[in-house]
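*Asks:* Let me begin by handing over the structure; questions about it come next.
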Amino acid sequence: MPGAGYVIARRGLILLFSYVMIIIVVAAIMEATGYTQRIYEAIVKESVQAEIQALVRAGRQFTPTELEQIRKDLTIYYSKMYGLIDENGNPIPPYVRMWILVGNALTFNLGKATKESVAQLASKLPPVPVVELIAIVLPRTIIMITVADIIMASIALMLAPRIAYRHGSILDRAIITYFAVFNAIPLWWLAMVFILILGYQLKIFPTNLRPVSTYMMNFWEDPLGNFSQIAYFAALPIITIVVAGLGGWLYSVRAMVLRIVREDYVVAAKAKGLPERDIARKYILRVAISPVLTSVILSLAYSLGGFIITESVFDWPGMGSLYYAALTTGDTPTVIGLFVVTVGVYIIARFILEILYIVLDPRVRAR
143 MPGAGYVIAR RGLILLFSYV MIIIVVAAIM EATGYTQRIY EAIVKESVQA EIQALVRAGR
203 QFTPTELEQI RKDLTIYYSK MYGLIDENGN PIPPYVRMWI LVGNALTFNL GKATKESVAQ
263 LASKLPPVPV VELIAIVLPR TIIMITVADI IMASIALMLA PRIAYRHGSI LDRAIITYFA
323 VFNAIPLWWL AMVFILILGY QLKIFPTNLR PVSTYMMNFW EDPLGNFSQI AYFAALPIIT
383 IVVAGLGGWL YSVRAMVLRI VREDYVVAAK AKGLPERDIA RKYILRVAIS PVLTSVILSL
443 AYSLGGFIIT ESVFDWPGMG SLYYAALTTG DTPTVIGLFV VTVGVYIIAR FILEILYIVL
503 DPRVRAR
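For the sequence shown, my numbering gives the first residue as 143, with consecutive numbering after it.
Structure (structure tokens):
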């Protein structure tokens, strides 16, 4: 049987190969359809126009001939910057641009965000490096959505085994009802209700959450004070997400555990009169931990991508809002950067799962 190190290395290489292939396929599609060329040509045109307007606002006077020459020079400059032409001014073929795009994506040279509404999410003016933009925005999504996911997963892991062990009880039926009700309610609609009641009517929580970005960017100036402010602004979104999603977590973990509870060895343990706590810990959780960990880790990885509609409702400046701003303004470098980071996070999550599977279940090494 191969060692754990060999298996982990092999799985890691497979996942890395998958990541590279995903980037190549997406880059090929974008170049084959002419999408990137059209977008970058539009960006070049906008950038040139913005430069000329800035010169005019500064009071510079140009003759029509000088203005046309400036326009040509700026067009050449930005066309080289965005990979449309080479140093000699010749157009770069699509298949060459595809590999340039792949290389930039794999080295996280993701370009710069050029749209003002996108850059404003990081409290900056364009152009802003996409990597820097994501690094600023990502922690906000972690605070809002990932923390909520961790809370839901923790509660589900504590309660679901006990609920499954008492299958058919009042608590079990209550959880099923809770899941059925809140699973039918869209998260964004529940968010609006909570904002209306807890924000505008009861005034318990703030309704404008944009200031959270200021407290996060200046966190180390007053860690304790800024932490309390961040918690205050994040409380309403976290409560909303937990209320909306906890039923689903409880129901899913309950279903996983319920299959194990019906196994013969669990029934035999009950017949022996073993304490309920020992049965849950030694006979149920030990077997259920792998599928539960899969759900938890993949859900956490997915949450890093943000919730576009929910973040828009709360006006929370996270990854979801960044996706929305980039898509609606056609900020291609940011869209590509978000895709690369999201896929990378998922691949890393899968690699962590592979390691945990090998640690928790040595039988995986033989597969």
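All C-beta atoms in this analysis are idealised placements derived from N, C-alpha and C, irrespective of residue type, glycine included.
1) Opposite V270 in the DSSP bridges: which residues?
2) Which residue comes first and which comes last in the alpha helix (DSSP H) that contains S160?
3) Measure the beta-carbon distance from Y307 to A397 and round it to whole angstroms, keeping in mind my assumption that it falls under 8 Å.
4) Tell me the DSSP secondary structure of I276 in three-state form.
5) Return the first residue and the last residue of the alpha helix (DSSP H) that L197 is part of.
6) Tell me whether the region 408-421 and the region 312-322 touch, counting them as touching only if at least three CB pairs, one residue from each stretch, are closer than 8 Å.
7) Looking only at its own chain, which residues have a Cβ that is under 7 Å from the Cβ of T288, when we skip the five neighbours before and after it?
8) Tell me which same chain residues have a C-beta within less than 6 Å of the C-beta of I278, skipping the five on either side of it?
9) With a threshold of 8 Å, are at least 3 pairs of Cβ atoms found where one atom belongs to the region 356-375 and the other to the region 326-343?
10) Out of curiosity, what's the CA-to-CA distance linking I426 and P303?
11) Taking the continuous alpha helix (DSSP H) assigned at L329, which residues delimit it?
12) Closest to W330 by C-alpha separation, out of F159, I346, V385 and Q262, would be which residue?
13) Using the beta-carbon count (16 or more within 10 Å), is Q203 buried or exposed?
14) Residue ranges of each alpha helix (DSSP H) run of no fewer than 4 residues wholly in the region 470-504, ordered along the chain?
15) Name the one or two DSSP bridge partners that I227 has.
16) Rounded to the nearest angstrom, how far is the Cβ of I194 from that of I218, given a contact under 8 Å?
17) Buried or exposed, going by whether 16 or more other CB atoms sit within 10 Å of the CB of T207?
18) Near G154, what residues of its chain come up, given a Cβ to Cβ distance below 8 Å and the 5 sequence neighbours on each side ignored?
19) List the endpoints of the continuous alpha helix (DSSP H) containing G389.
20) What residue from V399, G460, L435 and T382 has the CA that sits closest to T356's CA?
21) Using the three-state DSSP reduction, which class does Q211 fall into: helix, strand or coil?
22) Identify, in the order they occur along the chain, each residue of the same chain with its Cβ nearer than 8 Å to the Cβ of P433, setting aside the five sequence neighbours on each side.
23) Report yes or no: do the region 247-255 and the region 170-190 share at least 3 C-beta pairs separated by less than 8 Å?
24) In whole angstroms, give me the CA-to-CA distance for M358 and E258.
25) Taking all protein chains shown into account, do 16 or more other C-beta atoms lie within 10 angstroms of the C-beta of M163, making it buried, or fewer, making it exposed?
26) For S463, count the other beta carbons within 10 Å of its own beta carbon; 16 or more makes it buried, fewer makes it exposed. Which is it?
27) Given V438, which residues of its chain have a CB within under 6 Å of its CB, disregarding the five upstream and five downstream residues?
28) Tell me the rounded alpha-carbon separation between M286 and Y224.
29) Is the region 464-481 in contact with the region 398-407, if contact means three or more CB pairs nearer than 8 Å?
30) May I ask which residues mark the beginning and end of the alpha helix (DSSP H) holding A411?
31) Under the three-state reduction of DSSP, which class applies to K222: helix, strand or coil?
32) Taking only the alpha-carbon atoms, compute the straight-line gap between D291 and L440 and give it to the nearest angstrom.
33) Buried or exposed for V260, please, with buried defined as at least 16 other CB atoms from any protein chain shown within 10 angstroms of its CB.
*Replies:* Taking the coordinates as given:
1) Answer by DSSP bridge pairing, in chain order: A255.
2) Segment A146 to A174, the alpha helix (DSSP H) holding S160.
3) Rounded, the Cβ-Cβ distance is 13 Å, inconsistent with contact.
4) I276 carries a helical assignment under DSSP once its states are collapsed to helix, strand and coil.
5) Where L197 is concerned, the enclosing alpha helix (DSSP H) starts and stops at Y177 to R199.
6) With a cut-off of 8 Å, the region 312-322 and the region 408-421 do not count as touching, because too few Cβ pairs lie within range.
7) These residues qualify, in order along the chain: L442, S445 and L446.
8) Its chain contains A264 as the residues whose beta carbon lies nearer than 6 Å to that of I278, once the 5 sequence neighbours on both sides are disregarded; these appear in chain order.
9) Contact between the region 356-375 and the region 326-343 is absent: fewer than 3 CB-CB pairs across the two stretches fall below 8 Å.
10) Computed Cα separation, rounded: 8 Å.
11) Note, L329: alpha helix (DSSP H), L329 to F336.
12) Ranking the options by Cα distance to W330, first place goes to V385.
13) With fewer than 16 other Cβ atoms within 10 Å, it is exposed.
14) Qualifying alpha helix (DSSP H) stretches, in chain order: 474-502.
15) Answer is P233, bridged to I227.
16) That pair is no contact at about 14 Å.
17) So T207 counts as exposed.
18) F493 and E496, listed in sequence order.
19) First-last of the alpha helix (DSSP H) with G389: P365 to V403.
20) Here the closest residue by C-alpha is G460.
21) In this structure, Q211 counts as helix in the three-state DSSP scheme.
22) Within the same chain, P433 has close Cβ partners M398.
23) The region 247-255 is not in contact with the region 170-190.
24) Using only the alpha carbons, I get a separation of about 21 Å.
25) By the neighbour-count rule (16 or more Cβ atoms within 10 Å), M163 is not buried but exposed.
26) The residue is buried, with at least 16 neighbouring Cβ atoms inside 10 Å.
27) Answer for V438: A295, listed in chain order.
28) In a straight line, the C-alpha of M286 is about 34 Å away from that of Y224.
29) Taking 8 Å as the limit for Cβ pairs, the verdict is that the region 398-407 does not touch the region 464-481.
30) From DSSP, the alpha helix (DSSP H) with A411 extends over D406 to A413.
31) Secondary structure at K222: helix, using DSSP grouped into helix, strand and coil.
32) Between D291 and L440, the C-alpha separation is close to 11 Å.
33) Counting the other CB atoms within 10 Å of its CB gives V260 a total of 16 or more, which places it among the buried residues.
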